[in-house]
Each structure stands twice: as structure tokens, then as C-alpha cells.
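Input: a single structure, listed below in C-alpha cells.
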Amino acid sequence: MSSAFLIAIVVIVAAAVAPTLATEHVVGDGAGWTVGGPNYADWARGHDFRVGDTLRFSYTIGLHNVLEVSRADAEGCTSSDPAAFPYMTGNDSVSLTSPGEKWYICDLGDHCLKGMKLGITVSAPPPSAVTVPSAVGEVSCGWMHLLMAAYCYWMNMIM
Ligand SMILES: [Cu+2]
Numbered sequence: 000m001s002s003a004f005l006i007a008i009v010v011i012v013a014a015a016v017a018p019t020l021a022t023e024h025v026v027g028d029g030a031g032w033t034v035g036g037p038n039y040a041d042w043a044r045g046h047d048f049r050v051g052d053t054l055r056f057s058y059t060i061g062l063h064n065v066l067e068v069s070r071a072d073a074e075g076c077t078s079s080d081p082a083a084f085p086y087m088t089g090n091d092s093v094s095l096t097s098p099g100e101k102w103y104i105c106d107l108g109d110h111c112l113k114g115m116k117l118g119i120t121v122s123a124p125p126p127s128a129v130t131v132p133s134a135v136g137e138v139s140c141g142w143m144h145l146l147m148a149a150y151c152y153w154m155n156m157i158m
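If you use numbering that gives the first Met the number 0, the sequence shown corresponds to residues 0 to 158, in order.
What follows is the structure in C-alpha cells.
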């Protein structure tokens, strides 16, 4: 197999995968998930949360946890759902699987009252990552045609 062919495959696969790449948002960035950390409302404002992305909560195991709650619970720093079970590994990856508001608190001690609460709004995935119905033809396949044209042109150049 020629190296040109291998490179062409890599290019095509990369082009197909790139639009669906999800973003991992490290909560609090370098400070992580902690008391006395950043203002998590401010932190959230600087991020674009999309379905398919993940939140990474990083903290010292045992000192904190992550509990998904309702907006009202987050505002009151309580959990009204007795079945809710917190993440507590110290390095929790939380998948954002649906659009809408999501609220997270640390429910240990008075940590939530001290600022360990996070509210985010998850929006739909970018248009390029949305699965296109097969009935939709020419327009949505445009990028593929362009890619194939570029591929043919390039193969003619090197062969
Ligand atoms: Cu805590």
C-alpha cells in the first residue's frame, strides 16, 4: 500500500471524525472543584457546553463530592432526591447527554454554601455533529463531495 494512499485514508477519517469531537471541560480549570476555588458561575460563563461534552470534576478524594441536583436544590444547597447518589472518585467524568440546565453541588459539610455549586446550560451539539437523516441528499453531503474532489485532485498531482 502506498504511503499516499495511507495518508489519504488518514485525511478522510480525520475529516469524518473532527466535527463530532467532544470537549472536556475541567471544572475550575487548574483550581479544580474545591472550597475557595474560582467562582463557578464565572467559570461556567466562559465555556460553551454542548451535548456530548463532558465535565471533569477534580478534587482530593474524600474531601468533596459531586451531586447532580435541581436548580431549586442548588440554590438552597440541599438535595430533595433521596435516590440521588454523588460522584466521589476525586476525578469524576460527567457526560452531558441532554440539553438544558444542569446543576451540581458538593453536599459535604457546608461546602455548597461556601461556593461549591455549579450551574450550566447545555446546548444542542454543533450542526456538523448532528446526524443527518438519510433522506436529505445533496446539500448535507456537500462536504463529502468536496473531500472526494480534493482527494482526486491530489492523487492526480502525485501520481
Ligand atoms: Cu466539598
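We put the beta carbon where it would ideally sit given N, CA and C, even for glycine. Computed from a predicted model, the values in this text were never measured in an experiment.
DSSP-derived helix/strand/coil call for residue i
i, result
"Gly99", "strand"
"Val135", "Unreliable positioning characterises Val135 in this predicted model, as indicated by a pLDDT of 48, which lies under 50. A coordinate reading is not provided."
"Tyr39", "helix"
"Asp72", "helix"
"Gly118", "strand"
Distance, residue j Cα to residue i Cα
i, j, result
"Cys76", "Val50", "26 Å"
"Leu95", "His24", "11 Å"
"Pro85", "Gly31", "17 Å"
"Ala123", "Ser97", "8 Å"
"Leu20", "Asp41", "25 Å"
"Ser57", "His46", "17 Å"
"Gly61", "Ile119", "24 Å"
"Gly29", "Ser78", "28 Å"
Best match in the options for proximity to residue i [C-alpha to C-alpha]
i, options, result
"Glu74", "Trp102, Leu107 and Val121", "Trp102"
"Glu100", "Gly114, Phe48, Cys111 and Val26", "Phe48"
"Thr88", "Val34, Gly27, Gly118 and Val65", "Val65"
"Thr22", "Met115, Asp52 and Gly118", "Asp52"
"Arg121", "Pro37, Asp106 and Arg44", "The amino acid occupying residue 121 in the given sequence is Val; Arg does not appear at that position. When only C-alpha atoms are compared, the closest one is Arg44."
"Lys113", "Gly36, Ser69, Gly29 and Ala71", "Gly36"
"Arg70", "Val26, Cys111 and Gly27", "Cys111"
Cross-strand partners of residue i (DSSP beta bridge)
i, result
"Tyr86", "Val65"
"Lys113", "Beta-bridge pairing links Lys113 to no other residue."
"Phe56", "Asp91"
"Arg49", "Ser122"
"Val25", "Arg55"
Any non-hydrogen atom of ligand 3 within 7 Å of residue i CB
i, result
"Met87", "Summarising the ligand content, the structure contains ligand 1 and does not contain ligand 3."
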